[in-house]
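Residue numbers (my numbering): 13 to 136. Quick notes on the structure that follows.
This is the structure we're talking about:
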């Protein structure tokens, strides 16, 4: 087997399927990070998140990093109207400088990156 982009995509999909079946009954979630590879090997990171017992990793991360973007702790889950569509503040991406806030469309459930956090503050 040679390691190339299509092989890595296939391996990622298979690993995700196997790990999600393993983690679901134990209420843990596996997140596969970036994959780097050469002809003979590949390397990835694996993050394991406890999703049981009402723990919400998105909310915990939001509360941990919201100060960095000038957002209040209670902004998580708030409903805002942006461009005529209702969105819920769903997550924060602490390493994204330009678009750190993820909004979830209340009608479709689709998530999208949002404008600068200071603009979200104006909408709250």
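For glycine and all other residues, C-beta sits at the position ideal for the given N, C-alpha and C. Note that the structure is predicted; figures quoted are calculated from it, not measured.
To which residues does DSSP link residue i through a beta bridge?
i: residue 93; result: 98
i: residue 74; result: Per DSSP, none; premise fails for residue 74.
i: residue 42; result: 60
i: residue 30; result: In the DSSP output, where bridge partners are listed per residue, residue 30 has none listed.
i: residue 117; result: 99
Would you say residue i and residue j are within 8 Å of each other, going by their C-beta atoms?
i: residue 19; j: residue 27; result: no
i: residue 115; j: residue 123; result: yes
i: residue 40; j: residue 63; result: yes
i: residue 137; j: residue 60; result: Outside the shown range of the chain, which is 13 to 136, sits residue 137, and nothing can be said about it.
i: residue 72; j: residue 78; result: no
Please find out if some non-hydrogen atom of the ligand GTP comes closer than 7 Å to the beta-carbon of residue i.
i: residue 104; result: As for the ligand GTP, it is missing from this structure, which has no ligand bound.
By the 10 Å Cβ neighbour count, where 16 or more other Cβ atoms means buried, how is residue i classified, buried or exposed?
i: residue 112; result: buried
i: residue 101; result: buried
i: residue 34; result: exposed
Does DSSP classify residue i as helix, strand or coil?
i: residue 49; result: strand
i: residue 55; result: strand
i: residue 110; result: coil
Inter-stretch contact at 8 Å, needing at least 3 Cβ pairs: the segment 81-101 / the segment 46-65: no
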